[in-house]
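Every letter in the sequence shown is one number past the one before it in full-length UniProt numbering, and letter 299, counting from 1, is 299. All C-beta atoms, glycine included, are put in the ideal place defined by N, C-alpha and C. Being a predicted model, the structure only gives us computed values, none of them experimental. Down below is the structure, laid out as structure tokens.
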Amino acid sequence: MSDWWKKSTVYQVYPQSFKDSNGDGIGDLPGITEKMGYLQQLGINAIWLNPIYQSPLVDNGYDISDYYKINPIYGTMADFKTMLKAAHEHGIKLIMDLVVNHTSDQHHWFKESKKSRNNPFSDYYIWRDPKPDGSAPNNWGASFGGSAWEYVPERGQYYLHLYAPQQPDLNWENPKVRQEIYAMMCFWFDMGVNGFRMDTINLLSKDQSFPDAPLMPNSQYGTAYAGSANGPRIHEFLREMNREVLSKYDVMTVGETPHTTADEAALYVDPKRHELNMVFQFEHMHVDYGEFGRYSTVRFKLSDLRASMAHWQTSLANRGWNSLFLNNHDQPRMVSRFGDDQKFRVQSAKMLAIILHLQQGTPFVFQGEELGMTNVKFNSIEQFRDLEAKNNFHSLLAKGLSEDEVMKMIRHKSRDNSRTPMQWNTSANAGFTKGTPWIETNPNYDTINAASEIENRDSVFNFYKGLISLRSKYDIITDGRFDLINPNDSAIFGFTRKLGNQILVVLGSFMNAKVKAELPDELATGDAKLLIGNYGTPAKLATRMYLKPYEGVAYLINHG
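Okay, structure coming up:
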């Protein structure tokens, strides 16, 4: 099998918000097909598609009711095959979302399972008896709020749901369930799909004693991750999946692994263990968490972000492969979160891209990131569509916070920030739809949109295009050793990549004013070539140099 994914840049498409072709206000597969030329122009190598399977959409498609069918709001299986063919004709691979920790409660398996304790599907999900007082089997809380257990009178038992009550967890202890999943994976691979992004894949194996867990901050419930993340049989399950399915195809796998350390991640991605190619970890996504978790107005510290990213770079070196991201469908827009989305929006969007893409790993670009799209400033909770945001709005109010305080938190961190429609042009609804969009469009589309970005030589889009092209030209970007420069600098994220006689020097300023950078002597000698920079007149590489506000630069030094 080839390691094609190491040289690749992956573009994440959130189908509901990408492009609507039929005017119903919801993005669809023909819309994605229509924009395949745009993606080819950007230079990406693969698309990761969020779930498009049949679903009641309680959690935007992560509640699947039939793994073999396309949700009609996105189109038909014929539309899917047309899109897949178009992707391959444009030199783009297609990565699907694999959601197998749970299904929808509308899935045939669960409808049968809940009927009784002795039907063929009775053991497809995780059922447990109540405690003697009738309460839930343990104190675990669900990620979307409330208890992780739901009572079903027909069985006189509770089922486990780590997310919404409509998302019951599958029982991976049951070999029949595993074989059902493997057959489904083969179905999509045989059709020509090039890989899977695996949703919450490290939660498949639960501690079968289901112990109570430490209480979550400001909650009456325990953290379910204590008994489900990186569980006792998870590596056994993934090696079996690899043996029976993944090893038979030349595909890419990236597993979403919340609450996973770098040492634990190495077990998933070590090539000799035959599990996954890479994982999504979220340590660097927690650097601005506050008293109530992700919903806060805390501003990140550069020292925390740099330390986290560097830790994963060095910890996985020679043990596995990193995924690189600052944005996805579950996070706010990176330029609003880690940059300056007002005065220095363009500069900070480019700088963040430099810092991310020139680390070791496979970069993931979330739709609109290449335009410098920003968070949306909704005024009312009614404008939000995110189930998590709505639930937390009410729970935070119940804790005594004012509505103004809560709305600031929601606006800052809601997942809807990344789910507003893709901004294609200056026509109504940013050219996303001719109808009424399922979620409101960010009103700044009149100045931030693909049409104007493509035409502007100095745009964020064209900068991304140039940055992405570097991966195919320079082996040092994929293979070079990572080392921090001045790890205690309060303003600059600097690092080197070293391979043979070459050194790649990468610097990014996180300040809105000019700042001094001091470099070791070894980095200011030799033939330094500017590979990329986000200002027209970048500083010359020297032991002492000054970076402009949010300046990002990368130099290649050849010794000998």
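Under a three-way DSSP split, which group does residue 198 fall into? Residue state for residue 198 is assigned as strand, using DSSP reduced to three classes.
Note the first and the last residue of the continuous beta strand (DSSP E) segment covering residue 497. Following the DSSP letters along the chain, one finds residue 497 inside the beta strand (DSSP E) bounded by residues 492 to 499.
Am I right that residue 376 and residue 330 are in contact with their C-beta atoms under 8 Å? What's the rounded C-beta distance? Contact between residue 376 and residue 330 fails: their C-beta atoms lie close to 15 Å from each other, not under 8 Å.
By the DSSP assignment, the alpha helix (DSSP H) with residue 242 in it spans what residues? 234 to 244
If we count the other Cβ atoms within 10 Å of its Cβ and call it buried at 16 or more, is residue 398 buried or exposed? It is exposed - the Cβ of residue 398 has fewer than 16 other Cβ atoms within 10 Å.
Is the beta carbon of residue 136 sitting closer than 9 Å to the one on residue 127? no
Spatial neighbours of residue 169 within its chain, please: C-beta separation below 7 Å, excluding the five flanking residues on both sides. 101, 102, 125, 126, 160, 161 and 162
In this structure, does DSSP put residue 26 in helix, strand or coil? Secondary structure of residue 26 (DSSP, three-state): coil.
Taking the alpha carbon of residue 165 as the reference point, which residue from 449, 78 and 391 has its own alpha carbon closest? 391
Does the stretch 444 to 456 come within contact of the stretch 287 to 306, defined as at least 3 CB pairs closer than 8 Å? As far as the Cβ criterion goes, the stretch 444 to 456 does not touch the stretch 287 to 306, which means the pair count is below three.
In this structure, does DSSP put residue 66 in helix, strand or coil? strand
How many whole angstroms separate the CB atoms of residue 222 and residue 139, which I take to be in contact at a CB cut-off of 8 Å? Right, their Cβ atoms sit about 4 Å apart.
Report yes or no: do the stretch 418 to 429 and the stretch 299 to 308 share at least 3 C-beta pairs separated by less than 8 Å? no
Rounded Cβ spacing between residue 216 and residue 256 (contact assumed at less than 8 Å): At roughly 20 Å, the Cβ-Cβ gap does not stay under 8 Å, so residue 216 and residue 256 are not in contact.
Helix, strand or coil: which one does DSSP assign to residue 362? strand
For residue 278, which of helix, strand or coil comes out of DSSP? strand
Using CA atoms only, rank isn't needed, just tell me which of 17, 313 and 13 is closest to residue 431. 17
Which same chain residues, not among the five before or five after residue 298, have their C-beta less than 6 Å away from its C-beta? Taken in chain order, the residues that qualify are 288 and 290.
Mind checking residue 489: buried by the 16 CB within 10 Å criterion, or exposed? Taking all protein chains in view, the Cβ of residue 489 is crowded by 16 or more other Cβ atoms within 10 Å, so the residue is classified as buried.
What's the gap between the Cα of residue 63 and the Cα of residue 539? When rounded, the distance between both Cα atoms is 50 Å.
Spatial neighbours of residue 249 within its chain, please: CB distance less than 7 Å, with the 5 preceding and 5 following residues excluded, ordered by chain position. 189
Does the stretch 203 to 212 come within contact of the stretch 106 to 113, defined as at least 3 CB pairs closer than 8 Å? no
Relative to the C-alpha of residue 555, which candidate in 503, 536, 521 and 513 has its C-alpha closest? The candidate whose alpha carbon is nearest that of residue 555 is 503.
I'd like to confirm the pairing. Which residues does DSSP put opposite residue 151 in its beta bridges? 158
Three-way DSSP call (helix, strand, coil) for residue 308 in this model: helix
How big is the Cα-Cα spacing for residue 69 and residue 205? 27 Å
Please report how far the alpha carbon of residue 105 lies from the alpha carbon of residue 380, in whole angstroms. Rounded to whole angstroms, residue 105 to residue 380 spans 30 Å at the Cα level.
How many Å lie between residue 252 and residue 228 at the Cα? Whole-angstrom Cα-Cα distance: 25 Å.
Taking Cβ positions, are residue 470 and residue 326 nearer each other than 9 Å? no
Based on DSSP bridge pairs, tell me the residues matched to residue 322. 279
Nearest to residue 317 by alpha carbon, out of 483, 517, 521 and 364? 483
Meets three-Cβ-pair contact criterion under 8 Å: the stretch 24 to 31 and the stretch 68 to 88: yes
Return the first residue and the last residue of the alpha helix (DSSP H) that residue 405 is part of. 403 to 413
Helix, strand or coil: how does DSSP classify residue 331 here? In this structure, residue 331 counts as coil in the three-state DSSP scheme.
Across which residues does DSSP place residue 558 in a beta bridge pair? 502 and 527
Assumed close pair residue 13, residue 51 - CB separation to whole angstroms, cut-off 8 Å: 11 Å between Cβ atoms; not a contact.
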